[in-house]
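Just below is one structure, and these are the notes that go with it.
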Amino acid sequence: MKKYTANYSYSNHNFVIQNLNGERIRNEYLPAICILKNILQRGKPTLLSSYLQENLGSIHSDKSFQNSIALIDNTPNKWHRIIRGDEKGNYYPAKKFFEELIPKHLSEYKFIQQLIIPEIPINEITQVDVDEFANEQVDFYLPQAYLIIEIDGSQHKLNSEKDRIRDNHTKKYGIETIRIKTSDLEAENDSFHTAMGKIKDRIEKVVSRQQERKENEPTFISLKDYKEAFEKGVDFKSSNLKATAIIRFQLLILELLENGQLNFDKNWNFEILERDIKDFAQLAIDDILIWFENIFKLHKIKFNKPQIFIQTTTSNEFRSNESLKVDFSLTKRYTDEFQTNPDVIFVRTDYLDEYLYFKKGDSRDKLVFSRFEPYDYFKISSTEPIKYKLKFGGKNSDEQPLRFLLWNIFLQNDSSLEYESLKFREGQLPIIANALSRNDTIGLLPTGSGKSVCYQLSAILQPAISFVVCPIKSLMYDQKADLDSAYFTRVNHITSDDDGEDKEQIQKQFGLGKYFFIFISPERFQLKTFRQYFSSVNQEFNIAYAVIDEVHCLSEWGHDFRTSYLNLSNTIQRLCSNFNFLGLTATASINVLKDIQIEFGIKQENVKTPVDYTRKELEFIVLDDENDKPKAINSKLDELKDSIEALQVKGSDTKCGIIFTPTVNGRNGCYPLSQRLSEHFGTEIRFYSGSVPKIERQPIMSETQFDEYKKTVQSEFKKISFLC
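Residue numbers for the sequence shown follow UniProt numbering, beginning at 1 and rising by one.
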């Protein structure tokens with residue numbers, strides 16, 4: 001059984017595929033298969049391709065898109081083997097509890113039968129690996145209520161201390177355990193009713209606590225959502241649910257291609273038991289083939305479009321001997337039924353949604369709740385990086401498939417752009433092509449000309465992980481925010497704003513292949529723990545690019561105050577193998593450029609610059625301030641206010657401005673200037689600086705408050721929430 005975390009909408013993200021056979025086959029198609037698996041799972045959720053939007057609509061633009069959809073079936077799950085008991089004596093108290101006593105004594109909450117998972121490992125529940133509990137399982141777990149239910153036979157009298165230790169361990173992670181003796185269960189006595197009352201109390205307590213959270217997080221799926229979906233049913237005509245079905249079927253296809261059960265040289269024959277959602281398979285396949293057609297063109301692989309044959313049924317009987325048999329359901333959760341049907345592939349929703357993430361408290365054993373963390377099964381699909389041989393111009397130009405990928409992955413959510421008029425900006429294609437050709441590359445582009453696209457598109461077109469070295473954390477936040485807005489969320493950053501445990505968590509996730517790339521400072525490589533995680537990444541996954549953003553800092557800053565840049569090249573080369581450097585900058589003098597080339601061993605032909613460096617959209621005016629800069633600024637802003645209606649918020653038509661100052665404090669510092677201008681014009685004009693401003697040598701706010709303030713300014717300036 002393989003588990004996945006992927007979606008095009010805000011229904012349940014986690015699902016499983018059972019009875020996948022075979023091992024990965026290494027052939028010319030494998031890199032493209034890995035790349036497409038990664039592309040489809042780049043977000044949670046991922047944005048629909050333009051083809052799917054044409055057929056399903058732009059579901060992400062709908063006001064209700066972020067309203068979660070709870071997937072739950074209206075019939076209980078049937079477990080045949082997993083729920084334990086005494087086979088010889090035909091005595092199954094746990095099975096009786098699950099199948100008979102839950103609906104009998106918890107009729108108001110009988111829907112939890114569909115959500116309860118039996119015999120799940122403790123470490124999987126808590127997401128904390130503890131050797132003592134490595135092989136320990138619980139009888140039943142209700143993830144949405146963080147509730148363990150144990151059915152204790154007579155043998156537990158001898159293991160009461162062990163049970164106590166287990167219960168205390170899970171309690172530390174916010175999980176309640178309710179134990180029911182088999183003797184009480186059989187008698188359905190007062191002790192049994194007390195235990196059932198505790199289960200009900202726990203559910204009601206969680207439901208109550210989730211109400212406020214649901215108001216603030218509409219994408220969160222609550223127990224109440226499950227209850228309502230169970231009682232009222234799920235709308236299978238919803239485009240959002242069809243989108244969920246499509247991505248699950250697409251990942252099934254990619255798995256079948258990867259292990260050789262499907263290939264491009266033969267017909268694809270499917271017989272699908274559609275238990276709830278319908279008419280999704282053809283759309284899923286058509287979309288997959290459009291992606292492959294464009295990727296294969298870049299890989300110089302002939303695209304043989306297979307013939308597709310799909311039979312659908314709603315009965316439990318499969319009729320065809322030639323086809324791949326798929327039992328597909330969105331609302332059903334998996335059971336052990338796949339074991340008695342080895343020739344049928346089962347696609348089912350997973351049980352686990354989220355867990356409680358705790359941090360260390362003041363004392364050794366005390367944990368403090370931090371946040372709700374989703375169970376996430378995603379891992380980068382990796383194989384050896386590809387050496388592309390791209391051509392531009394003429395009939396077989398590779399610009400069109402690159403444009404298709406750029407649009408569908410990064411840009412189609414930008415309402416200011418249209419695909420028909422989309423073009424790469426001058427200088428982008430040479431950088432992208434050189435990087436994809438597996439050459440160490442330096443790319444120079446003017447500010448605002450799309451440097452980020454160069455590494456982002458190159459990175460996702462390699463079946464590997466990359467990382468981005470950034471000199472300033474605000475750049476990291478900015479680039480992640482831009483990717484998030486494109487529904488490309490599987491990236492992260494490590495900054496000084498993160499506490500030690502969060503840094504450790506992000507590093508661990510990076511080591512597990514959870515991110516396409518992370519943004520890090522050069523100082524991060526000086527830490528032993530990070531280097532260890534980095535080495536683990538390189539052992540399990542391929543690394544495509546070491547991206548050095550604002551690469552001029554290596555020369556201009558490295559010799560002065562950022563000495564971490566001095567050994568950056570050697571450190572990365574020591575930790576990585578078979579990767580390429582990609583340095584990007586908007587400004588580098590001849591001497592700085594030579595310094596960078598020597599440091600990374602980059603030849604002149606691998607330095608890519610645009611032919612024309614002029615900025616035609618910029619107009620420069622030099623003003624004589626007559627030794628009174630504040631007066632000159634006020635005068636100029638008054639003029640702009642009258643001529644172009646500056647200093648008025650008008651959404652996307654707002655005329656914004658940035659005023660650069662040489663210092664934070666002092667007469668011409670950014671902080672006092674922002675205060676004077678705000679007072680003069682009667683509107684909010686904010687400051688942004690590297691250090692906390694001071695009044696009479698005293699900071700105006702704490703470092704923590706300042707960090708939050710800067711994040712807010714950065715975010716709201718992008719949204720045009722203020723003027724200057």
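Quick reminder that beta carbons are idealized off the backbone N, C-alpha and C, glycines included.
request  = Would you mind sorting Pro342 into buried or exposed? The rule is 16 or more other CB atoms within 10 Å of its CB.
outcome  = Taking the sequence shown and counting its residues from 1, the one referred to as residue 342 is at position 342. By the 10 Å Cβ count, Pro342 comes out exposed.
request  = Consult DSSP for Arg275 and reduce its assignment to one of helix, strand or coil.
outcome  = Here the question's residue 275 lines up with position 275 in the sequence shown. In the three-state reduction of the DSSP assignment, Arg275 falls in the coil class.
task = Note down the Cα distance separating Glu258 from Pro463, rounded to an integer number of angstroms.
result = For the purposes of this step, residue 258 is taken as residue 258 along the sequence shown, with counting starting at 1. For the purposes of this step, residue 463 is taken as residue 463 along the sequence shown, with counting starting at 1. In a straight line, the C-alpha of Glu258 is about 13 Å away from that of Pro463.
Environment of His193 [buried if 16+ CB atoms lie within 10 Å] = On the sequence shown, residue 193 is found 193 positions in, with the first residue counted as 1. The residue is exposed, with fewer than 16 neighbouring Cβ atoms inside 10 Å.
query = Taking three-plus beta-carbon pairs below 8 Å as touching, is the stretch 99-117 in contact with the stretch 197-205?
reply = yes
key: Under the three-state DSSP convention, the category Phe318 falls into   = Counting from 1 along the sequence shown, the entry for residue 318 is found at position 318. The answer is coil: DSSP assigns Phe318 none of H, G, I, E or B.
inquiry  = Can you tell me whether Asn341 is helix, strand or coil according to DSSP?
reply    = For the purposes of this step, residue 341 is taken as the residue at position 341 of the sequence shown. DSSP places Asn341 in coil when its eight states are reduced to three.
Alpha carbon of residue 762 to alpha carbon of Glu217, nearest angstrom = With the chain running from 1 to 724 in the structure shown, residue 762 is simply not present.
request  = For my contact list, residue 725 and Tyr141 are in at a C-beta cut-off of 8 Å; report their separation, rounded to the angstrom.
outcome  = In the structure as shown, the chain starts at 1 and stops at 724, and residue 725 therefore has no counterpart that could be examined.
ask   = Nearest to Val344 by alpha carbon, out of Tyr487, Ser415, Ser320 and Leu352?
value = The sequence position of residue 344 within the sequence shown is 344, counting from 1. Among Tyr487, Ser415, Ser320 and Leu352, the Cα nearest to that of Val344 is on Ser320.
inquiry  = Assuming Phe15 and Arg348 are in contact, meaning their beta carbons sit under 8 Å apart, how far apart are those beta carbons, in whole angstroms?
reply    = By 1-based counting over the sequence shown, the position of residue 15 is 15. By 1-based counting over the sequence shown, the position of residue 348 is 348. Rounded, the Cβ-Cβ distance is 6 Å, consistent with contact.
key: Simplified DSSP assignment, three categories, for Asp86   = The residue given as residue 86 occupies position 86 in the sequence shown. Three-state DSSP puts Asp86 in a strand.
Limits of the beta strand (DSSP E) - the one that Ile465 falls within = Here residue 465 refers to the residue found at position 465 when the sequence shown is read from its first residue. Unbroken beta strand (DSSP E) run through Ile465: Ile465 to Val469.
key: Bridge partners - Pro374, DSSP secondary structure assignment   = Taking the first residue of the sequence shown as position 1, residue 374 is located at position 374. For Pro374, which the question treats as bridged, DSSP gives the partners Glu354.
inquiry  = Here's the rule I'm using: 16 or more other beta-carbon atoms within 10 Å means buried, otherwise exposed. How should Gly443 be labelled?
reply    = Here residue 443 refers to the residue found at position 443 when the sequence shown is read from its first residue. Label assigned to Gly443: buried.
inquiry  = Going by C-alpha to C-alpha distance, which of Lys171, Asn267 and Arg213 sits closest to Pro306?
reply    = As a position in the sequence shown, residue 306 is number 306, starting the count at 1. Of the candidates Lys171, Asn267 and Arg213, the residue whose Cα lies closest to the Cα of Pro306 is Asn267.
The alpha helix (DSSP H) enclosing Asp707, as first and last residue numbers = Taking the sequence shown and counting its residues from 1, one reaches residue 707 at position 707. That run of the alpha helix (DSSP H) goes Glu703 to Lys718.
Assigned exposure category for Leu417 - 16 Cβ within 10 Å defines buried = Position 417 of the sequence shown, counted from the start, is the residue given in the question as residue 417. Looking at its Cβ environment, which holds fewer than 16 other Cβ atoms inside 10 Å, Leu417 is exposed.
request  = With a 10 Å radius around its C-beta and 16 neighbouring C-beta atoms as the bar for buried, classify Ala481 as buried or exposed.
outcome  = On the sequence shown, position 481 is the one that residue 481 refers to. The residue is exposed, with fewer than 16 neighbouring Cβ atoms inside 10 Å.
ask   = Given a threshold of 16 other Cβ atoms within 10 Å of its Cβ, counted over all protein chains shown, does Cys670 qualify as buried or as exposed?
value = In the sequence shown, counting from the first residue as 1, residue 670 sits at position 670. By the neighbour-count rule (16 or more Cβ atoms within 10 Å), Cys670 is buried.
message = Here's the rule I'm using: 16 or more other beta-carbon atoms within 10 Å means buried, otherwise exposed. How should Gly43 be labelled?
response = Taking the first residue of the sequence shown as position 1, residue 43 is located at position 43. Counting Cβ neighbours within 10 Å, Gly43 comes out buried, since at least 16 surround it.
ask   = How big is the Cα-Cα spacing for Thr335 and Gln127?
value = Indexing the sequence shown from 1 puts residue 335 at position 335. Indexing the sequence shown from 1 puts residue 127 at position 127. Rounded to whole angstroms, Thr335 to Gln127 spans 22 Å at the Cα level.
Own chain, CB closer than 7 Å to Ser577, minus 5 neighbours either side, in chain order = Stepping through the sequence shown from its first residue, residue 577 is reached at position 577. Correct list, in chain order: Asn538.
query = Span of the alpha helix (DSSP H) holding residue 727?
reply = Given a span of 1 to 724 for the chain in the structure shown, any question on residue 727 remains unanswerable.
key: Own chain residues within Cβ distance below 7 Å of Glu599, not counting five before or after   = Position 599 of the sequence shown, counting from 1, holds the residue named residue 599. So the list reads Leu554 and Ser569, once near-sequence residues are dropped.
request  = Can you grab the Cα-Cα spacing for the pair Tyr92 / Ala134, in whole Å?
outcome  = Counted from its first residue, the sequence shown places residue 92 at position 92. Counted from its first residue, the sequence shown places residue 134 at position 134. One Cα belongs to Tyr92, the other to Ala134, and the distance between them is close to 25 Å.
inquiry  = Give me, in chain order, the residues of the same chain whose beta-carbon lies closer than 6 Å to that of Leu273; leave out the 5 immediate sequence neighbours on both sides.
reply    = Locating residue 273 in the sequence shown gives position 273, where the first residue counts as 1. Within the same chain, Leu273 has close Cβ partners Thr313 and Asp327.
query = Whole-angstrom Cβ separation of Phe510 and Asn19, contact assumed at under 8 Å?
reply = Mapped onto the sequence shown, residue 510 falls at position 510. Mapped onto the sequence shown, residue 19 falls at position 19. About 32 Å; that fails the 8 Å criterion.
query = Of all the options Met196, Lys711 and Ser415, which has the alpha carbon lying nearest to the alpha carbon of Ile472?
reply = Within the sequence shown, the letter at position 472 stands for residue 472. Measuring from the Cα of Ile472, the nearest candidate turns out to be Lys711.
request  = Using the DSSP secondary-structure output, state which residues sit across from Asn492 in a beta bridge.
outcome  = Position 492 of the sequence shown holds residue 492. Paired residues: Ile518.
task = Assign Cys656 to buried or exposed, taking buried as 16 or more other Cβ atoms, counted over all protein chains shown, within 10 Å of its Cβ.
result = Along the sequence shown, read from residue 1 onward, the residue named residue 656 stands at position 656. So Cys656 counts as exposed.
key: Whole-angstrom C-beta distance between Ala459 and Tyr545, which should lie under 8 Å   = Counting from 1 along the sequence shown, the entry for residue 545 is found at position 545. Counting from 1 along the sequence shown, the entry for residue 459 is found at position 459. 6 Å between Cβ atoms; contact.
message = Quick check on Arg615: buried or exposed, where buried means 16 or more other Cβ atoms within 10 Å of its Cβ?
response = Counting from one through the sequence shown, the residue named residue 615 turns up at place 615. Per the 10 Å Cβ criterion, exposed.
ask   = Ends of the beta strand (DSSP E) at Lys44?
value = For the purposes of this step, residue 44 is identified with residue 44 of the sequence shown, where counting begins at 1. Looking at the DSSP string, Lys44 is not in any beta strand (DSSP E), and its letter there is neither H nor E.
task = Can you grab the Cα-Cα spacing for the pair Thr489 / Ile25, in whole Å?
result = Start at 1 with the first residue of the sequence shown, and residue 489 comes out as number 489. Start at 1 with the first residue of the sequence shown, and residue 25 comes out as number 25. Taking the straight line from one Cα to the other gives about 29 Å.
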